[in-house]
Amino acid sequence: MKMPMPFDDSFFCRKFLQADSYRSPALPPAPAPGLLRSCGFYYRLFLGPVRWLCAKAARGECGDAAWVHASAWVAELMEGLGCPIFVDGMRHFEQLEEPCLFVGNHMSTLETFLLPSMIRPFRPVTFVVKKSLTTMPFFGAVMRSRDPIVVERVNPRQDLAAVLEGGQRLLEKGISIIVFPQSTRSRQFSEEHFNTIGIKLARKAGVPVVPLALKTDAWGTGKRIRELGPVRPGMPVRFAFGEALRVSGNGKAEHAAICEFIRTHLARWEAEDGVNGEA
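If you read the sequence shown in the working numbering, its first letter stands for residue 1, the second for the next number, and so on.
Structural data, given as structure tokens:
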């Protein structure tokens, strides 16, 4: 597929360009977990990719290539903790000749960092995000530069209107959208809290939906600052993209298919990886 925007072909930007799947290379033994390990990770994160990208954003230079470069840099930091990264099903969106909706579960801050380097080399993309992410110090400038769809998470009707209006505008420009229909990050997947906002936008805009299952609890959720939780060295990080779905009728069948895709993958990954503490 011809890219509709210029793109840098640097090493980091090509990290996940391995056809349908990605498997981390042989990694060093995982270090012991603990508070000091988490602090060390965040020290490298903020003085590395975050500071670099924020400086770019402050100068108005936070383009797609810089965004992907920083995203893959974070992936390298996770692999440095002995956390192998597994990605499957990238062919399902690589082969699409039109923009799409990525609809997936939301487990931690990690997916927000990593997904750009998986998706953007193939197609322009942005997120549906809560307003606080666009106003937070430093990284807010980065998020605003991505022209996201911003929701308040207070009034569901207003959020739906914002997603439908803003989403159609972006999709018409050829920009795909990542949406996490859960109200908050959670290790547990609950269909009850997984709304149909992505399905409604896909139906209105006439674009396909790509199911996304992810397991990113190697980066936990913090008690005081939810974005900054404990990191768990050695814990696998997993992403799976499903076959694109066309929404027909009221979209209930497609919504159920996405939920089943996520449930099935999480159950298998949980069996393979085990449980390493609570998020």
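Backbone N, C-alpha and C fix where the C-beta goes; we use that ideal spot for every residue, glycine too.
- prompt: So His106 and Gln188 are in contact, right, with Cβ under 8 Å, and what is the actual spacing, rounded?
  reply: Mapped onto the sequence shown, residue 106 falls at position 106. Mapped onto the sequence shown, residue 188 falls at position 188. In this structure, His106 and Gln188 do not form a Cβ contact; the two beta carbons are roughly 11 Å apart against a cut-off of 8 Å.
field: Integer Cβ distance of Gln168 from Lys204, believed to fall under 8 Å
entry: Taking the first residue of the sequence shown as 1, we reach residue 168 at position 168. Taking the first residue of the sequence shown as 1, we reach residue 204 at position 204. Indeed they touch by this definition, with Cβ atoms about 6 Å apart.
field: Sequence-distant residues of the same chain with beta carbon closer than 7 Å to Pro4, five excluded per side
entry: Here residue 4 corresponds to residue number 4 of the sequence shown, with the count starting at 1. Bear in mind that the predicted position of Pro4 carries a pLDDT of just 42, short of 50, making it too unreliable to give a figure here.
task: Label Pro156 either buried or exposed according to how many other C-beta atoms from any shown protein chain fall within 10 Å of its C-beta, with 16 as the threshold for buried.
output: As a position in the sequence shown, residue 156 is number 156, starting the count at 1. Exposed, because fewer than 16 other Cβ atoms sit within 10 Å of the Cβ of Pro156.
- request: Pull up the CB-CB distance for Leu101 and Gly198, whole angstroms please, since I reckon it's below 8 Å.
  value: Taking the sequence shown and counting its residues from 1, one reaches residue 101 at position 101. Taking the sequence shown and counting its residues from 1, one reaches residue 198 at position 198. Rounded to whole angstroms, the Cβ separation of Leu101 and Gly198 is 5 Å, and the two are in contact under 8 Å.
Beta-carbon contacts of Pro29 that lie in its chain and below 7 Å, excluding the five residues immediately before and after: Locating residue 29 in the sequence shown gives position 29, counting from the first residue. Closer than 7 Å at Cβ, skipping near neighbours: Gly82.
message: I'd like to know whether the C-beta atoms of Ala162 and Pro208 end up nearer to each other than 7 Å.
response: As a first step, residue 162 is located in the sequence shown; it is residue number 162 there, counting from the start. As a first step, residue 208 is located in the sequence shown; it is residue number 208 there, counting from the start. It is not a contact, given that the beta carbons lie outside the stated cut-off.
- prompt: Is DSSP giving Thr135 helix, strand or coil here?
  reply: Here residue 135 corresponds to residue number 135 of the sequence shown, with the count starting at 1. Assigned with DSSP and collapsed to three states, Thr135 falls in helix.
- prompt: Which word fits Lys252, buried or exposed, when buried means at least 16 other C-beta atoms lie within 10 angstroms of its C-beta?
  reply: Numbered from 1 along the sequence shown, position 252 holds the residue referred to as residue 252. It counts as exposed.
query: Is Thr109 near Glu227, with beta carbons less than 7 Å apart?
result: Locating residue 109 in the sequence shown gives position 109, counting from the first residue. Locating residue 227 in the sequence shown gives position 227, counting from the first residue. Result yes, Cβ atoms of Thr109 and Glu227 sit closer than 7 Å.
message: Could you tell me the alpha carbon to alpha carbon distance between Ala279 and Ile85, rounded to whole angstroms?
response: For this step, residue 279 is matched to residue 279 along the sequence shown. For this step, residue 85 is matched to residue 85 along the sequence shown. Low local confidence applies: a pLDDT of 35 at Ala279 is under 50, so the model's placement there is unreliable, with the coordinate-based value given in what follows. Straight-line Cα distance between these residues: approximately 19 Å.
query: Roughly how many whole angstroms lie between the Cα atoms of Ile178 and Arg14?
result: Within the sequence shown, the letter at position 178 stands for residue 178. Within the sequence shown, the letter at position 14 stands for residue 14. Distance between the alpha carbons of Ile178 and Arg14 is about 20 Å.
query: With respect to the beta strand (DSSP E) encompassing Ser176, which residues constitute its N-terminal and C-terminal limits?
result: Here residue 176 refers to the residue found at position 176 of the sequence shown. Per DSSP, Ser176 is one residue of the beta strand (DSSP E) stretching across Ser176 to Val179.
- prompt: Any idea if Gly277 is buried or exposed, counting beta-carbon neighbours within 10 angstroms, 16 or more meaning buried?
  reply: Counting from 1 along the sequence shown, the entry for residue 277 is found at position 277. Here Gly277 scores only 40 on pLDDT, less than 50, and its place in the model should not be relied on; the value that follows carries that caveat. Looking at its Cβ environment, which holds fewer than 16 other Cβ atoms inside 10 Å, Gly277 is exposed.
message: Three Cβ pairs or more, each shorter than 8 Å: is that satisfied between the region 92-99 and the region 29-42?
response: Short answer: they don't touch.
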